[in-house]
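Quick note, the sequence shown lines up with residues 5 to 244 if you use my numbering. No residue lacks a Cβ here, since even glycine has one placed at the ideal position from N, Cα and C. A quick note: this is a predicted structure, and the numbers were derived from the prediction, not measured. Heads up, the thing below is written out as C-alpha cells.
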Amino acid sequence: MTATMTTATSTATAPEPPPVLRLDGVSHTYIGQRRRTTVLKNIDYSFRRGTFYTVLGPSGSGKTTLLSLASGLDAPTRGTISFNGQDLTKLGLGRYRNKHSATIFQHYNLLTYMTALQNVTTAMEITGVKPGSGGRRARALELLERVGLDKHMATRNVMRLSGGQQQRVAITRALACDVDILFADEPTGNLDEDTAQGIIDTFRELAHEQDKCVVVVTHSQRLASQSDRVLTLRKGKLTE
Ligand SMILES: Nc1ncnc2c1ncn2[C@@H]1O[C@H](COP(=O)(O)OP(=O)(O)OP(=O)(O)O)[C@@H](O)[C@H]1O
C-alpha cells in the first residue's frame, strides 16, 4: 500500500500554484419589482496566475455579471470570492479594485474631460504605480504608443478620439496599473483585425511573461482560440 502510494506520488506532476482568485458556491440573483432573475448558480472555479482565460456564452447568459463580481464591483448574493485566499468582502471591494485588479469596461468609462494621457497617468496615481526613472508620463506615452496611439493622439481630449481609439485608451489605462488580475469585457469589439491582434498579444504576454491572471469576456472565437483556457457560461453554470 505504502509502496503504491510512493510510486503514485513520485510520478505525479507538480501541484498547481494556489489560485489567485477563487469562486466558491457563487450564485447571483437580480431582484426586480416583479421578479427575481438568478443569473449564476453555485459556481466553483479557481483562476490562476500566468493564465489567459476567456469566457464565452450566449447573450444574456451572465458573462458581464460574472465579471462584475470577480472584479469586485458587486458582491454575490450567495457564496464567496477570494483573492489570494482572502474573502473579498473582508479585504474590501474598493481596496481589491484599486490595488489588485483592473477592469476594461465595455463602455470604456474614461474621464471625458481629460486627455488620453491624463486618463492613463491618473489611473497610475490612484493605484499607486511607482513613477519609475522616466516618470509616469513617459511610461504612459510608451504604453499608448504600443497600442498605436502616438503623442499627438495621447494629448487629445478623449472625446475627440474615435470609439476604437477610446477603447485603446481604456486598455492602456488598465495595463498601466501593475495589478495581479486584469479583467476585460469584449475588449476587441471595436477594433480592426491588426489592432485587435496586438491587444490579444499583449494579454498573452501579460499572462505568460509577467505571470498575471487575465480574464476576458468575449463573443470572439478568434480571441478565445488564442487563450489558455476557454470557459463557457450557460444556464448559470460555468464549464471549461
Ligand atoms: N442590474 C440588473 N438588474 C436586473 N437584471 C439584470 C441586471 N443586469 C443584468 N441583468 C440580467 O441578467 C442577465 C445576464 O446579464 P449579463 O449582462 O450578465 O449577460 P451577458 O452574458 O454579459 O450578455 P451580453 O453578451 O449580451 O453582454 C440578463 O438576463 C440581464 O437582463
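Might you give, ordered along the chain, the residues of its own chain that have their beta carbon closer than 8 Å to the beta carbon of Tyr-112, omitting 5 neighbours on each side? For the purposes of this step, residue 112 is taken as the residue at position 108 of the sequence shown. Hits under 8 Å: Gln-170, Gln-171, Val-173, Ala-174.
Within its chain, find whatever has a CB closer than 7 Å to the CB of Tyr-49; leave out the 5 residues flanking it on each side and keep chain order. Indexing the sequence shown from 1 puts residue 49 at position 45. Here the set comprises Leu-27, Leu-242.
Could you give the distance in angstroms between the alpha-carbon of Pro-80 and the alpha-carbon of His-156? Along the sequence shown, read from residue 1 onward, the residue named residue 80 stands at position 76. Along the sequence shown, read from residue 1 onward, the residue named residue 156 stands at position 152. Looking at the two C-alpha atoms, the distance is approximately 43 Å.
Does the Cβ of Asp-198 have 16 or more other Cβ atoms within 10 Å, making it buried, or fewer, making it exposed? In the sequence shown, the residue the question calls residue 198 occupies position 194. Exposed.
Let's test the definition: count the other Cβ atoms within 10 Å of the Cβ of Asn-123 and tell me whether it reaches 16, buried, or not, exposed. In the sequence shown, counting from the first residue as 1, residue 123 sits at position 119. With 16 or more other Cβ atoms within 10 Å, it is buried.
Under the three-state reduction of DSSP, which class applies to Tyr-100: helix, strand or coil? Within the sequence shown, the letter at position 96 stands for residue 100. Look at Tyr-100 here: in three-state DSSP terms it is helix.
Name the two residues that bound the continuous beta strand (DSSP E) containing Ser-86. Position 82 of the sequence shown, counted from the first residue, corresponds to residue 86. Counting along the chain, the beta strand (DSSP E) containing Ser-86 begins and ends at 82-87.
How close, in whole Å, do the beta carbons of Arg-140 and Thr-125 come, if the pair is a contact with beta carbons under 8 Å? In the sequence shown, the residue the question calls residue 140 occupies position 136. In the sequence shown, the residue the question calls residue 125 occupies position 121. About 5 Å; that satisfies the 8 Å criterion.
Give every residue of the same chain whose Cβ lies closer than 7 Å to the Cβ of Ala-228, excluding the five residues on either side of it in the sequence, and list them in chain order. Against the sequence shown, residue 228 aligns to sequence position 224. Thr-58, Leu-60, Thr-222, Val-234, listed in sequence order.
Exposure of Asp-189, with buried meaning 16 or more beta-carbon neighbours within 10 Å: Within the sequence shown, the letter at position 185 stands for residue 189. With 16 or more Cβ atoms within 10 Å of its Cβ, Asp-189 is classed as buried.
Assuming Thr-55 contacts Cys-217 (C-beta within less than 8 Å), just tell me the rounded distance between them. Start at 1 with the first residue of the sequence shown, and residue 55 comes out as number 51. Start at 1 with the first residue of the sequence shown, and residue 217 comes out as number 213. The pair is a contact, with the Cβ atoms about 6 Å apart (cut-off 8 Å).
Per DSSP, what are the beta-bridge partners of Val-218 in this structure? Along the sequence shown, read from residue 1 onward, the residue named residue 218 stands at position 214. Answer is Phe-56, Leu-186, bridged to Val-218.
To the nearest angstrom, how far is it from the Cα of Glu-209 to the Cα of Thr-176? In the sequence shown, the residue the question calls residue 209 occupies position 205. In the sequence shown, the residue the question calls residue 176 occupies position 172. Near 14 Å, if we compare the C-alpha coordinates of Thr-176 and Glu-209.
Going by Cα to Cα distance, which pick from Phe-109, Gly-64, Thr-192, Ser-31 is closest to Val-151? Your numbering for residue 151 matches position 147 in the sequence shown. Checked all of Phe-109, Gly-64, Thr-192, Ser-31; the closest Cα to Val-151 is Thr-192.
Please name the residue in Leu-148, Ala-106, Leu-95 whose C-alpha comes closest to that of Thr-119. Taking the first residue of the sequence shown as position 1, residue 119 is located at position 115. That would be Leu-148, whose Cα lies nearest to the Cα of Thr-119.
Exposed or buried, Gly-66, counting other C-beta atoms within 10 Å across all chains shown (16 or more means buried)? Residue numbering aside, residue 66 sits at position 62 when the sequence shown is read from its first letter. Flag for Gly-66 reads buried.
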